[in-house]
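Heads up, the thing below is written out as structure tokens.
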Amino acid sequence: MKQLQIVDMFCGGGGESTGITQAAKQYHFDIKLSAINHWKRAIETHTANYPFAEHYEEPVQNLDPTNVVPGGKLDLLWASPECTHHSNARGGRPRSDQSRATAWEICKWAQELYIGRIIIENVPEFTSWGPLDENGKPDPARKGDVFRSFILALESLGYTVEWKILCAADFGVPTTRRRLFIQAAKGGKKIIWPEPTNSETGDKLPKWKAAKDIIDWSIPCPSIRNRKKPLAPATIRRIEYGIKKYWKDSAEPFLAILRGTSTVRSLEKPLPTVTTSGAHYALIQPFIMSIGQTSAKDRSRTIDKPLPTVCTKQEHCLVSPIIVEYYGNGKARPVEEPLPTVTTKDRFGIVIPDGIDIGFRMLQPHELAAATDFQATTSLPETKVR
283 MKQLQIVDMF
293 CGGGGESTGI
303 TQAAKQYHFD
313 IKLSAINHWK
323 RAIETHTANY
333 PFAEHYEEPV
343 QNLDPTNVVP
353 GGKLDLLWAS
363 PECTHHSNAR
373 GGRPRSDQSR
383 ATAWEICKWA
393 QELYIGRIII
403 ENVPEFTSWG
413 PLDENGKPDP
423 ARKGDVFRSF
433 ILALESLGYT
443 VEWKILCAAD
453 FGVPTTRRRL
463 FIQAAKGGKK
473 IIWPEPTNSE
483 TGDKLPKWKA
493 AKDIIDWSIP
503 CPSIRNRKKP
513 LAPATIRRIE
523 YGIKKYWKDS
533 AEPFLAILRG
543 TSTVRSLEKP
553 LPTVTTSGAH
563 YALIQPFIMS
573 IGQTSAKDRS
583 RTIDKPLPTV
593 CTKQEHCLVS
603 PIIVEYYGNG
613 KARPVEEPLP
623 TVTTKDRFGI
633 VIPDGIDIGF
643 RMLQPHELAA
653 ATDFQATTSL
663 PETKVR
């Protein structure tokens, strides 16, 4: 069996390595995998999932590529350089040229090794990479200048280069995470792009997978009242917005992303992008409520219980889920949609009606991992999500 030499530069939980090993297995290749990251937690997590790989816990710029790949020939370099200082998620905060420059390490490796194929993943804003002004902010007059130089550098090393922005939901993953993928191939190798397997409308392909499919409905939610630390007023307002928007006319599940704005999406759609910040969404689980009684008794119950007495008069309403995003530019979405990007901050919480009360909890790591299509067997760092 032929062995492929592969380096996962800027490795993390091992999502890329999972895809690589699955593809290699499908086409009957063995792999020799090396993984690099300066962050101890990233290396610990990757080691837990890929103990057979050779791990380097240090900044990539400190490594000599010929020491990592003694033979000087690499079949695939997968690189996901730091995206924080390229992403629009930074808002108006100053950027760091040093952090943005880690991508140039890819060209250094391509100079010192023969690499048959390079795949780079980053935020779409990477294509706007340009110099910073005196205030540490991107210079609008030079937008994309450095990106174009970066592509030219790869081409000057003998690579054919193509790039596309792909949405994960189009490939059967319940998140609308959009990412730039750059492919660079050498030695006459063809560049092949995957064909979408799903679509937003579901006209010609199966519809996007829904956020509701990754929610662990068995996890209880504590009441939003009488909490040690009350929910922020902005969180409450966004929950109220979702209730008013969706429960008024229909019982359709929905997502409310609590990051500043107030757009709403259905639970039948994938989550917005799931970023490395973790749990940012809250969900209100469906429940049944009687509207025809005047008693002060609890008139609602969860959907896993039988209906109360059904009379000739229609008195029972279905109240459906809400997912809310915890920080930033909050949007609300029906739960038929995918999750947004999951980031490095805890972002997503779940709100669940319990009787006439409402419970709230954050989405847990295993739910967010499912939203980003990690395997159920993937080992992730223990994280306490409130």
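For the sequence shown, the working numbering assigns the number 668 to the last residue and increments by one with no breaks. Every residue, glycine too, gets a C-beta built ideally from N, C-alpha and C. Only a predicted model underlies this, so the values are computations on that prediction, with no experimental measurement involved.
When the distance is taken between beta carbons, is residue j closer than 8 Å to residue i?
{"i": "residue 447", "j": "residue 462", "result": "yes"}
{"i": "residue 358", "j": "residue 398", "result": "yes"}
{"i": "residue 514", "j": "residue 552", "result": "no"}
{"i": "residue 385", "j": "residue 311", "result": "no"}
{"i": "residue 319", "j": "residue 294", "result": "yes"}
{"i": "residue 649", "j": "residue 421", "result": "no"}
{"i": "residue 429", "j": "residue 408", "result": "yes"}
{"i": "residue 458", "j": "residue 341", "result": "no"}
{"i": "residue 654", "j": "residue 455", "result": "yes"}
{"i": "residue 231", "j": "residue 439", "result": "This structure cannot settle anything about residue 231, because the visible part of the chain is limited to 283 through 668."}
{"i": "residue 346", "j": "residue 317", "result": "no"}
Could you compute how far the alpha carbon of residue i sits from the alpha carbon of residue j?
{"i": "residue 303", "j": "residue 508", "result": "48 Å"}
{"i": "residue 415", "j": "residue 510", "result": "45 Å"}
{"i": "residue 554", "j": "residue 490", "result": "12 Å"}
{"i": "residue 495", "j": "residue 361", "result": "30 Å"}
{"i": "residue 299", "j": "residue 425", "result": "32 Å"}
{"i": "residue 441", "j": "residue 325", "result": "30 Å"}
{"i": "residue 423", "j": "residue 383", "result": "19 Å"}
{"i": "residue 389", "j": "residue 472", "result": "20 Å"}
{"i": "residue 355", "j": "residue 313", "result": "13 Å"}
{"i": "residue 479", "j": "residue 328", "result": "28 Å"}
So the alpha helix (DSSP H) residue i belongs to, where does it begin and stop?
{"i": "residue 648", "result": "647-653"}
{"i": "residue 304", "result": "297-308"}
{"i": "residue 389", "result": "386-394"}
{"i": "residue 455", "result": "Where residue 455 is concerned, there is no enclosing alpha helix (DSSP H), given that its DSSP letter is neither H nor E."}
{"i": "residue 350", "result": "347-350"}
{"i": "residue 434", "result": "427-438"}
Once DSSP output is grouped into helix, strand and coil, what is the label at residue i?
{"i": "residue 468", "result": "coil"}
{"i": "residue 313", "result": "strand"}
{"i": "residue 335", "result": "coil"}
{"i": "residue 419", "result": "coil"}
{"i": "residue 483", "result": "coil"}
{"i": "residue 404", "result": "strand"}
{"i": "residue 643", "result": "strand"}
{"i": "residue 509", "result": "coil"}
{"i": "residue 496", "result": "helix"}
{"i": "residue 477", "result": "coil"}
{"i": "residue 447", "result": "strand"}
Tell me where the beta strand (DSSP E) around residue i begins and ends.
{"i": "residue 361", "result": "355-361"}
{"i": "residue 343", "result": "Element bounds for residue 343: n/a, residue is neither H nor E."}
{"i": "residue 288", "result": "285-291"}
Worksheet item: Touching or not, the region 345-352 and the region 326-333, by the rule of three or more beta carbon pairs under 8 Å?
Response: no
Worksheet item: So, do the region 457-471 and the region 400-420 have three or more beta carbon pairs nearer to each other than 8 Å?
Response: yes
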